[in-house]
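In what follows, a structure is listed as structure tokens, so that the remarks can point back to it.
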Amino acid sequence: MNNPNPVIPLFDLNYGLEEEDATLRVLRSKWLTMGPETEALEHEFAKYFKVKHAIAVSSCTTALHLANLAVGVKQGTEVICPSLTFVATSNSVIYAGGTPVFADITSTDDWTISPHEIEKKINKNTRSIIVMHYGGFACKMDEIIEIANCYKIPVIEDAAHAPGSIYKDRFLGSIGDISCFSFFSNKNISTGEGGIICTNNDDYANYIKKIRSHGMTSATLDRHHGHAYSYDVTDLGYNYRIDEIHAALARCQLKKLENGNERRRLAATRYKNALSKIDRIKIPFGNYCFLANYHIFPILLDKSINRNSLMVFLREKGIQTSIHYPPVHMFSYYRAMMGDQILHNTDFVARHELTLPMYADITNEQIDFIIDALRAYCKNT
Ligand SMILES: Cc1ncc(COP(=O)(O)O)c(C=O)c1O
């Protein structure tokens, strides 16, 4: 019998009274968008991630669009990015008028974009590189930044998976020229919708602040406080603003980030210890030596395992799983635009990857139940 409501979901919110209080605080304040909560979030985020500017927006997708515009992506330019990512990474390049150029991942163990493949794709039209820290594991940032500096190309970090992960002594999302975080429901900082852009570059920050709100030279709050009485429009802008409830929720979630990530790491250790004894399952990032936030818990199935039938088997036991990701270059829209492409490691991983449940509150019993189910499947098929 199919179990319609998973007992162990893929992801669960780390919410409590703090989030309820924050929501009520905003409602009672009667200021609903781009106000004191947004300002406080931007200040707290910049301080936490040790960046000069943090600019809150309506999603990571809109953050990526603005980041592409800020670095000068437009028609006739190319942006190198991974295909093993959520489609928003490369869609954002197209929104800005540019062309995404997919580079393969490093290996079937390291699923982040390969510096070597990036360098092979650089040409005179390359305007930017977008890296995506898959699952909260860092891309090879030293090599990538070295290549980018050599060709004078800015690096955008798609840090949707990465809040709280550390590379050497820096947070992911504070290393490239601009970074974009997501507050989507299933992220480590979760507000439903929302996102934030970080940068140390004043020009990028000023431009992004302006075009997130129609290219206007003053904000509603400034005019409300009498700091400005009118405005000019100096660029083609958008309504990519965040509202105060989402900003207030993000502030609560930022406070919980470190503890939530620590609990995810404990869960990951339990998973890894048990899964290392199942021959037909491999755990990626086997030699990873930095601090990951375990945004998701991906595994690589042996070629002999039928992934769909395993997913159905787990679903019937109440365990929700997912795939990260169907690669972007295989989507109909992209194939129609770019034709067929082969990215060997991306294609292999995309065929055999399975994502297991992961969230701060997952219990040892739940993990053991999942492991038992996987062991039983591998033994009997
Ligand atoms: C890697 C990556 N980039 C971008 C996004 C887009 O984020 P948002 O839903 O906040 O627009 C996501 C969301 O799932 C993501 O996983």
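Numbered according to the working numbering, the sequence shown spans residues 1103 to 1483. Quick reminder that beta carbons are idealized off the backbone N, C-alpha and C, glycines included. Because the structure is a prediction, the values reported are computed rather than measured.
When every heavy atom of ligand 1 is checked, does at least one fall within less than 7 Å of the C-beta of H1348? The answer is no for H1348.
Measuring only from the beta carbon, is C1162 closer than 7 Å to any heavy atom that is part of ligand 1? At a threshold of 7 Å, C1162 counts as near ligand 1, since its beta carbon sits closer than that to one of the ligand's heavy atoms.
Ligand 1 heavy atoms versus the CB of T1448: any closer than 7 Å? Checking the Cβ of T1448 against ligand 1 gives no.
Taking 8 Å as the threshold (C-beta atoms), are L1186 and I1207 in contact? It is a contact, given that the beta carbons lie within the stated cut-off.
Can you tell me which of G1278, T1336, E1122 and K1132 puts its alpha carbon nearest to the alpha carbon of A1169? Selected option, being the one with the closest Cα: G1278.
Residues sharing a beta bridge with N1363, DSSP: According to DSSP, residue pairing for N1363 in a beta bridge does not occur.
Below 6 Å CB to CB, which residues in the same chain sit around Y1117 once its five sequence neighbours on both sides are set aside? Here Y1117 has no same chain residue with a Cβ atom under 6 Å from its own Cβ, once five neighbours each way along the sequence are excluded.
Please report the straight-line C-alpha distance between N1290 and N1363, rounded to a whole angstrom. When the Cα atoms are used, N1290 and N1363 turn out to be separated by approximately 8 Å.
Mind checking V1109: buried by the 16 CB within 10 Å criterion, or exposed? With a 10 Å radius around the Cβ and a threshold of 16 neighbouring Cβ atoms, V1109 comes out exposed.
Counting Cβ pairs, one atom from each stretch, are 3 or more of them under 8 Å apart for the stretch 1147–1166 and the stretch 1340–1349? Three or more Cβ pairs closer than 8 Å define a contact, and the stretch 1147–1166 meets that threshold against the stretch 1340–1349.
With respect to the beta strand (DSSP E) encompassing L1402, which residues constitute its N-terminal and C-terminal limits? Counting along the chain, L1402 sits inside the beta strand (DSSP E) bounded by residues F1399 to L1403.
Excluding the 5 residues preceding and the 5 following D1337 in the sequence, name in chain order all residues of the same chain whose CB lies nearer than 8 Å to its CB. Answer for D1337: Y1309, K1312, I1313 and G1317, listed in chain order.
Let me check you understand the geometry: is the CB of A1190 closer than 7 Å to at least one non-hydrogen atom of ligand 1? A1190 has its Cβ nearer than 7 Å to a heavy atom of ligand 1.
Would DSSP call N1302 helix, strand or coil? In the structure shown, N1302 sits in coil (DSSP, three-state: anything other than H, G, I, E or B).
Would R1395 and A1264 be called neighbours here (beta carbons separated by less than 8 Å)? Rather than Arg, the amino acid found at residue 1395 in this sequence is Asn. At a Cβ-Cβ threshold of 8 Å, N1395 and A1264 count as neighbours.
Rank C1241, L1126 and G1339 by C-alpha distance to the C-alpha of H1218 and give the top, closest one. Minimum Cα-Cα distance from H1218 among the listed residues C1241, L1126 and G1339 corresponds to C1241.
Rounded to the nearest angstrom, what separates M1103 and M1413 at their Cα positions? With a pLDDT of 48 at M1103, under the threshold of 50, the predicted position of this residue should be treated as unreliable, though the coordinate-derived value follows. Whole-angstrom Cα-Cα distance: 14 Å.
Since R1343 is in the beta strand (DSSP E), which residue starts that stretch and which ends it? No beta strand (DSSP E) holds R1343; DSSP gives it neither H nor E.
What do you reckon, is the C-beta of D1260 under 7 Å from a heavy atom of ligand 1? Taking non-hydrogen atoms of ligand 1 into account, the C-beta of D1260 is found less than 7 Å away from one of them.
Tell me which residue opens and which closes the beta strand (DSSP E) that C1241 is part of. For C1241, no beta strand (DSSP E) segment is defined, and its DSSP state is neither H nor E.
At least 3 beta-carbon pairs within less than 8 Å: the stretch 1174–1193 vs the stretch 1140–1155: Verdict: no, contact absent.
So is the beta-carbon of L1286 under 7 Å away from any non-hydrogen atom of ligand 1? Looking at the sequence itself, residue 1286 is Phe, so the reference to Leu does not match. Answer for F1286: yes, Cβ within range of ligand 1.
Nearest-angstrom Cα separation, counted from L1126 out to P1184: If you draw a straight line from the Cα of P1184 to the Cα of L1126, it is about 40 Å long.
Taking the C-alpha atoms as reference points, what is the distance between K1176 and G1199? Here the C-alpha atom of K1176 lies approximately 5 Å from the C-alpha atom of G1199.
Give a single yes or no on whether H1263 has its beta carbon closer than 7 Å to a heavy atom of ligand 1. Because some heavy atom of ligand 1 lies under 7 Å away, the Cβ of H1263 counts as near it: yes.
Could you tell me which residues DSSP pairs with V1257 in its beta bridges? In the DSSP output, where bridge partners are listed per residue, V1257 has I1231.
Just to confirm before moving on: does the CB-CB distance between R1353 and E1144 stay below 8 Å? By the CB criterion at 8 Å, R1353 and E1144 fall outside the cutoff.
Quick check on R1366: buried or exposed, where buried means 16 or more other Cβ atoms within 10 Å of its Cβ? Counting C-beta atoms within 10 angstroms of its own C-beta, R1366 has 16 or more neighbours from the protein chains shown and is therefore classed as buried.
Are there 16 or more other CB atoms within 10 angstroms of the CB of D1212, so buried, or fewer, so exposed? Looking at its Cβ environment, which holds 16 or more other Cβ atoms inside 10 Å, D1212 is buried.
In angstroms, rounded to a whole number, what distance separates the CA positions of S1406 and F1239? Cα to Cα, the separation comes out at about 27 Å.
Can you tell me the Cα-Cα spacing of S1292 and E1180, whole angstroms? Rounded to whole angstroms, S1292 and E1180 show a C-alpha spacing of 31 Å.
Apart from the five residues just before and just after Q1468, which ones in its own chain have a Cβ nearer than 6 Å to its Cβ? Scanning its chain for C-beta atoms nearer than 6 Å, with the 5 sequence neighbours on each side dropped, one finds around Q1468 the residues I1110, in chain order.
Per the contact definition of three or more C-beta pairs closer than 8 Å, is the stretch 1244–1256 in contact with the stretch 1376–1384? These segments do not touch.
Compute every distance between the C-beta of G1297 and the non-hydrogen atoms of ligand 2, then say whether any falls below 7 Å. With respect to ligand 2, the structure shown offers nothing to examine, as its ligands consist of ligand 1.
Take L1171 and list the residues in its own chain whose beta-carbon comes closer than 6 Å to its own, dropping the five residues that flank it on each side. Leaving aside the five residues that flank L1171 on each side, the residues in its chain whose CB is nearer than 6 Å to its CB run, in chain order, A1198.
Using only alpha-carbon positions, find the residue among L1274, I1246, V1257 and D1470 that is nearest to A1370. The shortest Cα separation from A1370 among L1274, I1246, V1257 and D1470 belongs to D1470.
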